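**Student:** In full-length UniProt numbering, the protein residues as written are 1 to 346.
Where is the CB? At the ideal position from N, CA and C, for every residue including glycine.
The structure presented is a predicted model; accordingly, all values stated were derived computationally and were not measured.
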Amino acid sequence: MSPHTKLISSLSLIMGTTITISSTHWMMAWAGLELNTLAIIPFISKSHHPRAIEAAIKYFLVQATASTLLLFSSMTNAWATGQWDITQLTHPTSSLLLTVAIAMKLGLVPFHFWFPEVLQGSPMTTALLLSTMMKFPPTTLLIMTSHSLNPTLLTILATTSVALGGLMGLNQTQLRKILAFSSIAHLGWMTAVIIYSPKLALMTFYLYILMTTAVFLTLNSTKALKLTTLMTSWTKSPTLNATLMLTLLSLAGLPPLTGFLPKWLIIQELTKQEMAATATILAILSLLGLFFYLRLAYHSTITLPPNSTNHMKHWHFTKPTNTTTAILTSLSTLILPLSPLILAIT
Numbered sequence: 001m002s003p004h005t006k007l008i009s010s011l012s013l014i015m016g017t018t019i020t021i022s023s024t025h026w027m028m029a030w031a032g033l034e035l036n037t038l039a040i041i042p043f044i045s046k047s048h049h050p051r052a053i054e055a056a057i058k059y060f061l062v063q064a065t066a067s068t069l070l071l072f073s074s075m076t077n078a079w080a081t082g083q084w085d086i087t088q089l090t091h092p093t094s095s096l097l098l099t100v101a102i103a104m105k106l107g108l109v110p111f112h113f114w115f116p117e118v119l120q121g122s123p124m125t126t127a128l129l130l131s132t133m134m135k136f137p138p139t140t141l142l143i144m145t146s147h148s149l150n151p152t153l154l155t156i157l158a159t160t161s162v163a164l165g166g167l168m169g170l171n172q173t174q175l176r177k178i179l180a181f182s183s184i185a186h187l188g189w190m191t192a193v194i195i196y197s198p199k200l201a202l203m204t205f206y207l208y209i210l211m212t213t214a215v216f217l218t219l220n221s222t223k224a225l226k227l228t229t230l231m232t233s234w235t236k237s238p239t240l241n242a243t244l245m246l247t248l249l250s251l252a253g254l255p256p257l258t259g260f261l262p263k264w265l266i267i268q269e270l271t272k273q274e275m276a277a278t279a280t281i282l283a284i285l286s287l288l289g290l291f292f293y294l295r296l297a298y299h300s301t302i303t304l305p306p307n308s309t310n311h312m313k314h315w316h317f318t319k320p321t322n323t324t325t326a327i328l329t330s331l332s333t334l335i336l337p338l339s340p341l342i343l344a345i346t
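Below is the structure:
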């Protein structure tokens, strides 16, 4: 990719995200989402590999469909109520269409089919963008319209996303696909509580971005793309792999790590809203996710060479760990004691 293309795509990505999250008019939000979609495609397809081209086409088709549904939803609402304001979504059909459109954008079940495939076909840094920054505009729209959406539908979407994210991640060996199903499960947790406490949903989303970014940057440093290469990455940088294990366990939601905080607060909030059954189901389903995170942690840290893998071993680390990875990994494991402060702020 030429520097000019990279610069234009990066600026368009930032501008599209900014337009969507700061707009109050549906047309501006739609324009920002379209700009975002077009800006990320060069990053997905930059390797010119058939799998990358396939991923870019899949991404474009799904996002174009979701944007069309979102535009149709806003136009139906404007036709019925005369309102183009995002927070004034009151028409029932428009609310249903918007829920479907946002679910497609975020990759919630049953509209998750594109996300693991697109992530698998993308480079690691692009996969990081798709898992974090590209989720930000639709999440913002979901939070702004949460008071108008159907609670039962959102609860079903959330529960099935957590269930399928856990189940489908069990049998994967490709790290990007595992992280894709992890993303689906985490966004399910966020969707479960978004109507009852939008601030808690936003905090969950921020912590998910923090932990996922730390994992992606670590995997990008060690050049690990599947479990067999993760087994031999211990010899490159033992410290980095040890912190990767902690970050993965934090993503799983084990105390006393950061990832326990959002799950704990969501279960507490759902119980307050007399949804103890949903909270119990989510807590049980999170054990599925815990299994594959433990599997990743086992392969990254506890499995030491010599082992049965046929992958060539790298005996030195090609580049030093950058400061960003160190800071994000520290935050991904050590924030839980600050939870009273975080709750006070939110």
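If you drop the 5 nearest sequence neighbours on each side, which residues of the same chain put their C-beta closer than 7 Å to that of residue 283?
**Tutor:** 267.
**Student:** Can you give the beta carbon distance from residue 27 to residue 84, rounded, assuming they're within the 8 Å contact cut?
**Tutor:** Confirmed, Cβ separation roughly 7 Å.
**Student:** For the pair the segment 181-195 and the segment 139-156, tell me if three or more CB-CB distances fall below 8 Å.
**Tutor:** Output reads yes: the segment 139-156 touches the segment 181-195.
**Student:** Would you call residue 296 buried or exposed, if buried means 16 or more other Cβ atoms sit within 10 Å of its Cβ?
**Tutor:** With 16 or more Cβ atoms within 10 Å of its Cβ, residue 296 is classed as buried.
**Student:** If the criterion is Cβ atoms closer than 8 Å, does the pair residue 278 and residue 333 meet it?
**Tutor:** No, they are not a contact pair.
**Student:** Rounded to whole angstroms, what's the CA-CA distance from residue 76 to residue 173? Just pull it up for me.
**Tutor:** Spanning the two alpha carbons is a distance of roughly 44 Å.
**Student:** Under three-state DSSP, which class holds residue 174?
**Tutor:** DSSP places residue 174 in strand when its eight states are reduced to three.
**Student:** For residue 270 and residue 199, I'd like the C-alpha separation in whole angstroms.
**Tutor:** Going from the Cα of residue 270 to the Cα of residue 199 covers about 14 Å.
**Student:** According to DSSP, is residue 4 part of a helix, a strand, or is it coil?
**Tutor:** It is helical.
**Student:** My output table needs one value for residue 91: the three-state DSSP class, helix, strand or coil.
**Tutor:** Reduced to three states, the DSSP call for residue 91 is coil.
**Student:** What span of residues does the alpha helix (DSSP H) with residue 115 cover, start to end?
**Tutor:** Here the alpha helix (DSSP H) through residue 115 covers 114-121.
**Student:** Alpha helix (DSSP H) containing residue 41: first to last residue?
**Tutor:** First-last of the alpha helix (DSSP H) with residue 41: 26-44.
**Student:** Would you say residue 166 and residue 285 are within 8 Å of each other, going by their C-beta atoms?
**Tutor:** Cβ atoms of residue 166 and residue 285: closer than 8 Å.
**Student:** Just the Cα atoms here: how many angstroms apart are residue 302 and residue 227?
**Tutor:** Roughly 13 Å between the two C-alpha positions.
**Student:** Does the Cβ of residue 138 have 16 or more other Cβ atoms within 10 Å, making it buried, or fewer, making it exposed?
**Tutor:** By the 10 Å Cβ count, residue 138 comes out buried.
**Student:** Do the CB positions of residue 120 and residue 176 come within less than 8 Å of each other?
**Tutor:** The answer is yes: Cβ separation under 8 Å.
**Student:** Based on the DSSP secondary-structure assignment, which residues constitute the bridge partners of residue 226?
**Tutor:** 174.
**Student:** Could you round the C-beta distance between residue 184 and residue 115 to whole angstroms and report it? I think they count as a contact, below 8 Å.
**Tutor:** Yes, residue 184 and residue 115 are in contact; Cβ-Cβ is about 7 Å, under 8 Å.
**Student:** Is the distance from the Cβ of residue 328 to the Cβ of residue 213 below 8 Å?
**Tutor:** Against a cut-off of 8 Å, the Cβ pair of residue 213 and residue 328 comes out as a contact.
**Student:** Excluding the 5 residues preceding and the 5 following residue 215 in the sequence, name in chain order all residues of the same chain whose CB lies nearer than 6 Å to its CB.
**Tutor:** So the list reads 247, once near-sequence residues are dropped.
**Student:** Do you know how far the Cα of residue 261 is from the Cα of residue 255?
**Tutor:** Taking the straight line from one Cα to the other gives about 8 Å.
**Student:** Go to residue 135, then tell me how far its alpha helix (DSSP H) extends in each direction, as first and last residue.
**Tutor:** Residue 135 -> no alpha helix (DSSP H), and no H or E assigned at all.
**Student:** Taking Cβ to Cβ, would you say residue 222 is nearer than 8 Å to residue 240?
**Tutor:** Cβ atoms of residue 222 and residue 240: closer than 8 Å.
**Student:** Exposed or buried, residue 238, counting other C-beta atoms within 10 Å across all chains shown (16 or more means buried)?
**Tutor:** Answer is exposed; the Cβ neighbour count stays below 16.
**Student:** Comparing C-alpha positions only, which one of 235, 244, 207 and 210 sits nearest to residue 219?
**Tutor:** For the residues 235, 244, 207 and 210, the minimum Cα distance to residue 219 belongs to 244.
**Student:** Could you give the distance in angstroms between the alpha-carbon of residue 147 and the alpha-carbon of residue 273?
**Tutor:** Rounded to whole angstroms, residue 147 to residue 273 spans 15 Å at the Cα level.
**Student:** Give me, in chain order, the residues of the same chain whose beta-carbon lies closer than 8 Å to that of residue 64; leave out the 5 immediate sequence neighbours on both sides.
**Tutor:** Counting only Cβ-Cβ distances below 8 Å, and skipping sequence neighbours, we find 37.
**Student:** Between residue 99 and residue 149, what straight-line distance do the alpha-carbon atoms span, to the nearest angstrom?
**Tutor:** Taking the straight line from one Cα to the other gives about 7 Å.
**Student:** State the start and end residues of the unbroken alpha helix (DSSP H) segment that holds residue 58.
**Tutor:** Start and end: 50-81.
**Student:** Can you give me the start and stop residues for the alpha helix (DSSP H) that residue 268 sits inside?
**Tutor:** Run containing residue 268: 260-272, per the alpha helix (DSSP H) assignment.
**Student:** Just confirm the distance between the C-beta atoms of residue 39 and residue 9, as a whole number of angstroms; I'd bet it's less than 8 Å.
**Tutor:** About 5 Å; that satisfies the 8 Å criterion.
**Student:** Residues in its own chain within less than 6 Å of residue 111 by CB, not counting five upstream and five downstream?
**Tutor:** Excluding residues within five positions, the ones whose Cβ falls inside 6 Å are 103 and 104.
**Student:** With respect to the alpha helix (DSSP H) encompassing residue 239, which residues constitute its N-terminal and C-terminal limits?
**Tutor:** 238-252 is the extent of the alpha helix (DSSP H) around residue 239.
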